[in-house]
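Peer 1: Protein sequences, first through last, are from chains A, B, C, D and E. Note that the working numbering has the first sequence beginning at -7, numbered continuously upward. Note that the working numbering has the second sequence beginning at 0, numbered continuously upward. Note that the working numbering has the third sequence beginning at 26, numbered continuously upward. Note that the working numbering has the fourth sequence beginning at 106, numbered continuously upward. Note that the working numbering has the fifth sequence beginning at 120, numbered continuously upward. Every residue gets a Cβ at the ideal spot worked out from N, C-alpha and C, and that includes glycine. First the structure, which I've put down as structure tokens, then a few questions once you've had a look.
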Amino acid sequence: QDSRPDFVVAVNGLYRSIEPIDGNSTNAQRIMDSIYDPLVTRNWTEDPEGGELRPSLATAWEQVDDLTWRFTIREGVKFHNGETMTAEDVAFTLSAERIWGDNALVPAGTRYTTSFASVEAIDATTVEVKTDIPDPNLPYRFVTPLGFVVPKAHYLEVGVEAFGQKPIGTGPYKVVEFDQASHVKLEAFEDYWGGTPPLKTIEFRIVPEFSARLAGMVAGEFDIMVNVPIDEVETVETYPEITYVSRPGDNYIMFAYNTLDLPEFGPNPVSDVNLRYAMSAAIDRDALVEALWGDATFAPAPFNFPDSPAFYDPEVKPLIGYDPEAAKAWLEKSSYNGEEVVVNVVRGAYPNFDLAVEFLAEQWRNLGINIRLNIVDSWPLALKHPFGLLNMSMSTTFDGTPTRSIWGFWGPDSARATRADDRSWAPPAEFVALGEQYLAEPDVAKKVALFREMVAIWEREQPALMLWRSIVNWVVSNDYEWTSVNGNAMLLGPGYISVKN
Amino acid sequence: MSLSFVLSKLLRLVLTVWAAATLVFIMLRLAGDPVAAMVPSDAPQIVIDRYRERFGLDQPFIIQYFAYLRGILSGDFGISFRTGGPAWDMVAPRILPTLILTGTATLVAIVLGVPAGMLAAANHNSPFDRLVMSFSVFGFAMPNFFLGILLILLFTLNWRLLPSGGFEHPQSLIMPAITLGLASAGAYARLTRSAVLEVLASPFMRTARANGVPPLRRMTHHVLRAVLVPLVTLAGFSIGALIAGAVVTETVFAWPGIGRLLVTSVTERDLAVVQLIVILAALTMAISNMMVDLLYGWLDPRIGTRRRSGAG
Amino acid sequence: MSPEAGLVVENLSVSYAISRGPFRRADELPALRDVDLTIAPGRTLGVVGESGCGKSTLARAILRLQSLKGGVVRWNGEAISALSEPAFRRVRPQMQMVFQDPVASLNPRMRVLDIIAEPLATHRPELSGAQRRQKVLEAMERVGLRPEMADRFPHEFSGGQAQRIGIARAIVLEPGLLICDEAVSALDVSIRAQVLVLLEKLQREMGLSILFISHDLSVVRQIAHDILVLYLGRVVEQAPRDVLFATPRHPYTQALIGSVLSADPRIEKAHQSPPIGGDLPSPIDPPPGCPFHTRCPLAEPICAQAMPGLETWPDGGRVACHVANRERPAAA
Amino acid sequence: MARWRLGFVIPAFLLGLVIAFAIFGDFLTPHDYGTSSLLNRNKPPVFAGGSWAYPLGTDGLGRDLLARLVFGTRISIGLALVGTLIGAVLGTVLGLIAARSNNLIGALIVAGIDLQAAVPFMIIALATLAIFGNSLTLFVVILGLYGWENYARLVRGSAMSAHTLPFVEAARSIGVGAMTIDRRHILPTVFNVVIVQATLNFPQTILLESGLSFLGLGIQPPFTSLGQLLGEGRDSLGRAWWLAVVPGTLIFVTTLSVSLLGDALRDRLDPTMRRG
Amino acid sequence: MTEPLLGVKHLCVRFSSPSGPVLAVNDVGFSLAAGEVLGVVGESGSGKSQMFMALGGLLAGNGRATGEAWLGGRNLLGLTEAELNRVRGRELAYVFQDPMTALNPYRTISAQITELLRFNRGMDGQAARAEALRLLERVRIPEARRRLDMFPHEFSGGMRQRVTIAMALSNNPKLLVADEPTTALDVTVQIQVLDILEELRREQGLAVVLITHDMGVVARLAHKVMVVYAGTIVEEGSVEEVLLAPTHPYTTGLLASMPDIRRPIRAITPIPGHPPDGRQERVGCMFAPRCFKAEPVCRAETPALAARTGRQRQACHFPVAEGEAPLARAVAS
Ligand SMILES: Nc1ncnc2c1ncn2[C@@H]1O[C@H](COP(=O)(O)OP(=O)(O)OP(=O)(O)O)[C@@H](O)[C@H]1O
Ligand SMILES: Nc1ncnc2c1ncn2[C@@H]1O[C@H](COP(=O)(O)OP(=O)(O)OP(=O)(O)O)[C@@H](O)[C@H]1O
Ligand SMILES: [Mg+2]
Ligand SMILES: [Mg+2]
Ligand code: NI
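Here it is as structure tokens:
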């Protein structure tokens, strides 16, 4: 008889789809690693910030020339529907047809495929990816949702939406039920290439209330729960049957200033850079983060992120630091005249953010800025002009460099620069030019230098106020030994979780 | 009960549901672009445009409206933006859990409320009467999410007697049903009490008493029968309160019902699902109102085919 | 046509629509059919009949509280039923009403002064507060209320006093016509007598025409000069008081009079119940022919077929009965 | 009689306390409801070992809970008052019009009542707030619309029977205009119904507000309300029960006392009136 | 003299009310023999109804009765509610004024009648139904068989009142209290109902208390009359004595206020003023303020109910002599 446990994860919500790209979201990321395998994975345990790559569905990779990479595909890997994974499937997974072509099936994935020129299965076990600029970090991208391999034939047959409802991957568990408003049920995939999955079934069950999640944990109904309000950690730790676990996330939380003066939406005082300086300088981010998070996370200088180690320098200080006097001076210098500054915030968008917003608003009010908080309940309401500030977060999961953050989020094709309803930034020509050089530069040292120049321009423009690196936390039943990793992902496959004796 | 009576009730039902469907349609369309909720906040504009096209949101309003009405008539309630499948498929599996929850809650309310109200009336102004009345106000004045969380903390966290929520075990039903039923129980108790008092004071009860009908039979055959009419009215009314309460209760207890679905659908702007839920709610209410009306005709021989007065 | 003083009603018909849901044609309830009557100034017309025969409807129709299906109402020669609403406002002060339930017909939240002044406030807005109060006090004095009662509320009064307030309200505009719909039915005998005496006094002093509606024949006999008997919305007999009581001709009138009891036990020992049976037929579909034939002890086949005409007798009585009219046909 | 007085005096006293707290509560604490103090986060209240500087402790931003409670009470009661008032006025006016309009207008109002009653208001409120965003104006409008159909239906019913009352007939026979009749005779007569309904609607409005806050659709910061405070405190019941229990108690006491007042009024004004 | 069926002594009925205690019935005594009809007349609020409601224990919750009321060897005022419930319907039955509301609108006529037959006479369903039909026919409900399964609202007022009479008589009571049984009915129906009552009384020999404000009803049915004013009996005697030769000024006043259709028209003479409401202090004769013969002694001393003029008894210091009043003058016409 199967003695493996039925495992229950109490989550706060589920995303509408578990298709790797379409479904990419905090709530789906928890589940995807159980369903899919990436081409390449990180050495999660020893190098949590992700410098070192390991084979997964790709057993080996090499850079054939500046613009070409070849990946060798693992043989004998089965999809949940029983079919064997081929290089065709991998090529399709990364293809223009699926992601980056003109009529791509999941256009939302283009941000992962910038610079792709072609993807091709050149033989049964080899896939070749060509780029239009040299990309020494390309394999890093395949640890992201982009790398989750999907079965081509089935995918095309059912379409993106249906696939997202009943996905098929190669991962240790297969989906048996998915009901976005209540639960996802997974079952051990016995043909898993990576060993026997340690759990018989996994249910990700929505339990919206923290109290109910905690009660269920303590009562033994759930084995892992997510999202502990930071103030409740102490309470959680008083229960002997559960353990609190927390990890840095791969998101940076911030406020975007609306730097654009769009006459159709009325005057925007924040388009005055001096006001932005004043507002940034008015905030003691270190104290705020300390108060809200203790030492669980920190307030970064812009783009100085430890998860891209080569570009990280602990000594860097932000251009605009906390300086109340300077804040007053900048305000004085600005053309600000008491106009209302609207702050669009999605309620509950990130943990502790609502509290921070109230704190920031108060500081800004004290500075003499007429802040109006517009706290709304969904993104469509927030992502709409007019606003002076907008909440946003910036994901760094990409390729181990800050490319996604500085270029993906602030480049000329970024949402911030292009979207009709909520664009708030026009990258200066100088920034764009530097960016193009940066992308094409293969040498790390030079790349870092270009990066620093871009950051300097960015800081001068001050289009956002960075707040903190996100935190992911869980409560785990003491019946289990579980290895957590950075970010939202939950690894529940062989080697990551086991029943304690 | 004449056919024309039933027909007129049906007409009213259809009109009400149509009006509700139209209202929610207009409201949802007024509220801007649902696509922004479906794509990542950093998705560029082209992505948004493609999604709009895919879901027909680029069509003119009036065309969307008629397509929607035509769809409803043929049983097609539109496509859920979230799943890409029929909205009906999202809603259908949740109808039963919500029915179970609201049904049990009604049962709790009636089983607790009606006898308590009758006993309170029979012992008018006694300490028991006052106890029942205080308790009914308590049920009414307690925000039900708060009650729900308190129950979880006590019964799950402290005493480990009941599951914190979910739908698998029969015990899972206990706390949500109590949470949802308690407020209505108070309402039933009050209404029963005042209705019984009123009936007790009526001339025909004096006749029954003067003719020597035994007290118990007076209660069971005369009072109860007369009290059924206001009770049925309340039962009709409380459907709405139950549906509203279910939204909150289902959230607290992770009950996989329509209420939960509504909350997530609204925040994620799954228009078709929201519309369908509103239509279902309106239909339920309209049907229950119709049933109440028909029941009146049956319960109160005087009403027969005549219209109920506006006072409800 | 020379303007005729007093109230003249010709061929008055009123129907109520009884709705039975949107899928059915509304039923028609003919509450009054072809009613004629006349009240000269200073005279009282008593209207009697069983419950539901249309007495209140008649009162409401005359006052235009009810739309007419047909017929004319004339007041001092003017066809008021044809007037526009604003034009009728000019006439309305001429006609006032006294109601059955004396306490209930007074707004419990208003002071007596304001109740009695309401007609003045409505029709004589030009009066100052003091003038208005003056008129109210005059009316109160007329009906025998003391001035200090003006500032009290209705619940502080007994039924008889309340009815005096109602009468004061009705006469404060010095109307020509007073319509009393069961104005004394709810009162105790002793109080009823007080009100009857008061009404007679007011009629003498003010030359009022009175339409006195009652189901109580002995009261009507006491106060009315002429009496009209209604049955299922139709006039079945009308005659001067003494003629009617001396020689009731319509079998229904006979039954009505025959049913009234006397306070004299000797009379009652000998008093036989009149031989009419059954109940009033449903007014929604009244019987064809003479409406009374279903209960009439004298009914003949013709009665079930044709409605008898209202024919005038030499002594001024008018009777609608095939059998009675055959006995002594009308003088041409 | 004594019992009636007691049934009136106790809840009136409780409600008075709550209102006094809302109005004069500022004198109880030197702090402002919005001033955060990152050094003073999550301070316990006096009875749990805290200091008198923050009698009820502080929240996660170090804001004084007592000050927030005073402010939240003020907002909650204010909102409920305004909401109740709007609903009462709207419902009463429409009910009065419907009662005397035997025409299209009357039919439309009745249809509106039916429609409103057919869709649970919570759903409407939820959809409106989530979809249009939550401005204070919209919030007040929603609370105001809450329950208008109950007023309208009750007023229409009572007004229709009031129209057949002898004294109204009397006024009509005098020739008093329809508006004047409504104002002078009908409205005062049905006013009891409105008042009693208001005592039912008021606590329901407070509860609706707290329900919406629970679902994350409550009033916007920097404002706060009892429902908001209760909702915010609910996660901390294990650690700092007072965060939820204190505003919860205030909600309870307020709704309780208004309901009891309503009971007493109902007994007093119209012993036969019944409502679910 | 045989033992009377009903003997009432020192009956008082008090109510507590928000505005103080109400003495509705003040020290009343009378008796009634089987087969006898007692007419009780008086103005509204004089205490007629409460006097007899007290006998069956049917007073409102705030009312209390003291004194004695002997019926069939038992003092009704000393019985428990359970014992009274057995007396009600079987020995003592009631018919109330308003036939529109006296029947349970939710139950059929047969259900309401057979229920009584089953509980009070122990009949089984079949027999009870047959008996119910017989009773309805007895009170001359036309087409009784068809109407048995109808609801009260499908009956006219007169028929409903006949049904309540049938119900009251279903268990062959000894005493029937008819409280204004015909007040709400049209005259033509009233006389029919009265005839039925009289017939039943004659056949079953039951004693009837006929409460009314209508002297005509009394004149037609009653043997004895009791005139009640402000909770006390002011005059009592046979129907001829009281109606033809009244001795109490109140009785004469009542009679003089009433137009009588069978007598020549005469001017009516109202009693001035209005009746007290039960809360007043009780000193002297309660009628004195409205009495044309009142002397100072009337306001100071309460007159006892005694036969001062002949056989009939009156509570008056100065009974009216024959011919002195009523002040009714025939109108010369
Ligand atoms: N508003 C109404 N709608 C429909 N039918 C009505 C209405 N008012 C009266 N009727 C009906 O019209 C007929 C005459 O009624 P009306 O009130 O005039 O009688 P009435 O002679 O005054 O009776 P009562 O002596 O009981 O006052 C009755 O059959 C009654 O049911
Ligand atoms: N429940 C009660 N509480 C207080 N007073 C009462 C109560 N019931 C009756 N009364 C008073 O008792 C007195 C006698 O009432 P009762 O009903 O016997 O009068 P009645 O002679 O039958 O009058 P009617 O002719 O109106 O029926 C009245 O003054 C009344 O106010
Ligand atoms: Mg009438
Ligand atoms: Mg009585
Ligand atoms: Ni009470």
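Where does THR304 (chain D) sit, in a helix, a strand or coil, going by DSSP?
Peer 2: Working through the fourth sequence from its first residue, we reach residue 304 (chain D) at position 199. Secondary structure at THR304 (chain D): helix, using DSSP grouped into helix, strand and coil.
Peer 1: Can you find the residues in the same chain that come closer than 6 Å, C-beta to C-beta, to LEU298 (chain B), ignoring five residues on each side of it along the sequence?
Peer 2: As a working note, residue 298 (chain B) is residue 299 in the second sequence. Closer than 6 Å at the Cβ level, and outside the excluded window around LEU298 (chain B), lie LEU227, VAL228.
Peer 1: Taking the alpha helix (DSSP H) that VAL194 (chain D) belongs to, which residues open and close that run?
Peer 2: Here residue 194 (chain D) refers to the residue found at position 89 of the fourth sequence. Here the alpha helix (DSSP H) through VAL194 (chain D) covers 170 to 205.
Peer 1: Give the DSSP-derived three-state secondary structure of THR475 (chain A) in the structure shown.
Peer 2: Here residue 475 (chain A) refers to the residue found at position 483 of the first sequence. Three-state DSSP puts THR475 (chain A) in coil, outside helix and strand.
Peer 1: Sorted by chain position, which residues of the same chain lie with C-beta nearer than 7 Å to ALA104 (chain B)'s C-beta, five sequence neighbours on each side aside?
Peer 2: As a first step, residue 104 (chain B) must be located in the second sequence, where it is residue number 105. So the qualifying residues of the chain are ALA176, LEU179, GLY180, SER183, LEU241.
Peer 1: Step through the CB atoms of chain D and report whether any lies within less than 9 Å of the CB of SER130 (chain C).
Peer 2: Translated into the one-based positions of the third sequence, residue 130 (chain C) becomes position 105. Closer than 9 Å: yes.
Peer 1: Among residues of its own chain, excluding the 5 on either side of ALA249 (chain C), which ones have a beta-carbon nearer than 7 Å to its beta-carbon?
Peer 2: Looking up residue 249 (chain C) in the third sequence gives position 224. Cβ within range, chain order: THR69, LEU70, GLY71, PHE237, ARG266.
Peer 1: So with CB distances below 9 Å, who are the chain D contacts of MET289 (chain B)?
Peer 2: Translated into the one-based positions of the second sequence, residue 289 (chain B) becomes position 290. Against chain D, a Cβ distance below 9 Å from MET289 (chain B) picks out nothing, because the smallest value is about 11 Å.
Peer 1: PHE238 (chain E) lies in the alpha helix (DSSP H); which residues open and close that run?
Peer 2: Position 119 of the fifth sequence holds residue 238 (chain E). Residues 228 to 240.
Peer 1: Taking the straight line between their C-alpha atoms, what separation do you get for PHE307 (chain D) and THR360 (chain D)?
Peer 2: Here residue 307 (chain D) refers to the residue found at position 202 of the fourth sequence. Here residue 360 (chain D) refers to the residue found at position 255 of the fourth sequence. Straight-line Cα distance between these residues: approximately 8 Å.
Peer 1: Under DSSP, the beta strand (DSSP E) around GLN55 (chain A) begins and ends at which residues?
Peer 2: The residue labelled residue 55 (chain A) in the question sits at position 63 within the first sequence. 50 to 57 is the extent of the beta strand (DSSP E) around GLN55 (chain A).
Peer 1: Name the chain B residues whose beta carbon is nearer than 9 Å to that of VAL246 (chain D)?
Peer 2: Counting from one through the fourth sequence, the residue named residue 246 (chain D) turns up at place 141. Simply none; closest approach about 13 Å.
Peer 1: Does any CB atom of chain A fall closer than 9 Å to the CB of GLY154 (chain D)?
Peer 2: Numbered from its first residue, the fourth sequence carries residue 154 (chain D) at position 49. Judged by the 9 Å Cβ criterion, GLY154 (chain D) is not in contact with chain A.
Peer 1: Going by CA-CA distance only, name the one from B:SER133, B:ASN122, B:THR82, B:ALA207 that's closest to VAL152 (chain A).
Peer 2: Looking up residue 152 (chain A) in the first sequence gives position 160. For VAL152 (chain A), the nearest C-alpha among the options comes from B:THR82.
Peer 1: Which one or two residues does DSSP pair with VAL151 (chain D) in a beta bridge?
Peer 2: Walking along the fourth sequence from the start, residue 151 (chain D) turns up at place 46. Answer by DSSP bridge pairing: none, since VAL151 (chain D) is not bridged.
Peer 1: Taking the alpha carbon of ASN101 (chain C) as the point to measure from, which residue in C:VAL33, C:VAL60, C:CYS205 has its own alpha carbon closest?
Peer 2: Reading the third sequence from its first residue, position 76 is the one you call residue 101 (chain C). Closest in C-alpha terms to ASN101 (chain C), from the list C:VAL33, C:VAL60, C:CYS205, comes C:VAL33.
Peer 1: Considering only DSSP beta bridges, list what GLN121 (chain C) is partnered with.
Peer 2: In the third sequence, residue 121 (chain C) corresponds to position 96, counting from 1. In the DSSP output, where bridge partners are listed per residue, GLN121 (chain C) has C:LEU203.
Peer 1: Any beta carbon of chain C sitting closer than 9 Å to that of ALA204 (chain D)?
Peer 2: For the purposes of this step, residue 204 (chain D) is taken as the residue at position 99 of the fourth sequence. No, because no Cβ of chain C sits closer than 9 Å to the Cβ of ALA204 (chain D).
Peer 1: With 9 Å set as the bound, which would you pick, yes or no: does the beta-carbon of ARG339 (chain D) sit closer than that to a beta-carbon of chain B?
Peer 2: Within the fourth sequence, numbered from 1, the residue matching residue 339 (chain D) stands at position 234. Output row for ARG339 (chain D): interface = yes.
Peer 1: What residues in the segment 140 to 166 of chain E bring their beta carbon closer than 9 Å to a beta carbon of chain B?
Peer 2: none
Peer 1: How would you call GLU256 (chain A), buried or exposed, if buried means at least 16 neighbouring beta carbons within 10 angstroms?
Peer 2: Position 264 of the first sequence, counted from the first residue, corresponds to residue 256 (chain A). So GLU256 (chain A) ends up on the exposed side.
Peer 1: List, in chain order, every chain D residue whose beta-carbon is nearer than 9 Å to that of SER370 (chain A).
Peer 2: Here residue 370 (chain A) is taken as the residue at index 378 of the first sequence, counted from 1. Near SER370 (chain A) (Cβ distances below 9 Å), the residues of chain D are ALA235, ILE236, GLY238.
Peer 1: Identify the contact partners of VAL265 (chain B) in chain D, using a Cβ-Cβ distance below 8 Å as the criterion.
Peer 2: Residue numbering aside, residue 265 (chain B) sits at position 266 when the second sequence is read from its first letter. In chain order: LEU231, ALA232, ALA235, ILE236.
Peer 1: Less than 9 Å between CB atoms is the rule here; does GLY138 (chain B) satisfy it with respect to chain A?
Peer 2: Within the second sequence, the letter at position 139 stands for residue 138 (chain B). No - not a single Cβ of chain A is within 9 Å of the one on GLY138 (chain B).
Peer 1: Under a Cβ-count criterion, where at least 16 other Cβ atoms within 10 Å of its own Cβ denotes burial, should MET329 (chain A) be classed as buried or exposed?
Peer 2: Position 337 of the first sequence, counted from the first residue, corresponds to residue 329 (chain A). In the sequence under discussion, the amino acid at residue 329 (chain A) is Asn, which differs from the Met named in the question. The residue is exposed, with fewer than 16 neighbouring Cβ atoms inside 10 Å.
Peer 1: For the segment 86 to 100 of chain C, which residues have a CB atom closer than 7 Å to at least one CB atom of chain H, in sequence order?
Peer 2: The displayed structure is made up of protein chains A, B, C, D and E, and chain H is not among them.
Peer 1: Whole angstroms are fine: how far does the CA of GLY95 (chain C) sit from the CA of SER27 (chain C)?
Peer 2: Stepping through the third sequence from its first residue, residue 27 (chain C) is reached at position 2. Stepping through the third sequence from its first residue, residue 95 (chain C) is reached at position 70. Below a pLDDT of 50, predicted positions are generally treated as unreliable, and SER27 (chain C), at 44, falls in that range; the measurement from the model is reported next regardless. The alpha-carbon atoms of SER27 (chain C) and GLY95 (chain C) are separated by roughly 23 Å.
Peer 1: Could you work out which residue in D:ASN147, D:PHE129, D:PHE319 is closest to TRP347 (chain D) when comparing CA atoms only?
Peer 2: Your numbering for residue 347 (chain D) matches position 242 in the fourth sequence. The option with the nearest alpha carbon to TRP347 (chain D) is D:ASN147.
Peer 1: For GLY165 (chain D), is the classification buried or exposed, using 16 other Cβ atoms within 10 angstroms of its Cβ as the cut-off for buried?
Peer 2: For the purposes of this step, residue 165 (chain D) is taken as the residue at position 60 of the fourth sequence. When all chains shown are included, GLY165 (chain D) counts as buried.
Peer 1: Please report the Cβ distance between VAL13 (chain B) and LEU279 (chain B), rounded to the nearest whole angstrom; I am assuming they are in contact, meaning their Cβ atoms lie under 8 Å.
Peer 2: Translated into positions along the second sequence, residue 13 (chain B) becomes position 14. Translated into positions along the second sequence, residue 279 (chain B) becomes position 280. Actually they do not touch by this definition, with Cβ atoms about 15 Å apart.
Peer 1: Chain C beta carbons: is any one of them nearer than 9 Å to that of HIS332 (chain E)?
Peer 2: The count along the fifth sequence starts at 1 and reaches residue 332 (chain E) at position 213. Cβ-Cβ to chain C under 9 Å: yes for HIS332 (chain E).
Peer 1: Examine chain D for any beta-carbon lying closer than 9 Å to the beta-carbon of GLU233 (chain A), and answer yes or no.
Peer 2: Here residue 233 (chain A) refers to the residue found at position 241 when the first sequence is read from its first residue. Not closer than 9 Å to any Cβ of chain D, the Cβ of GLU233 (chain A) fails to qualify, so no.
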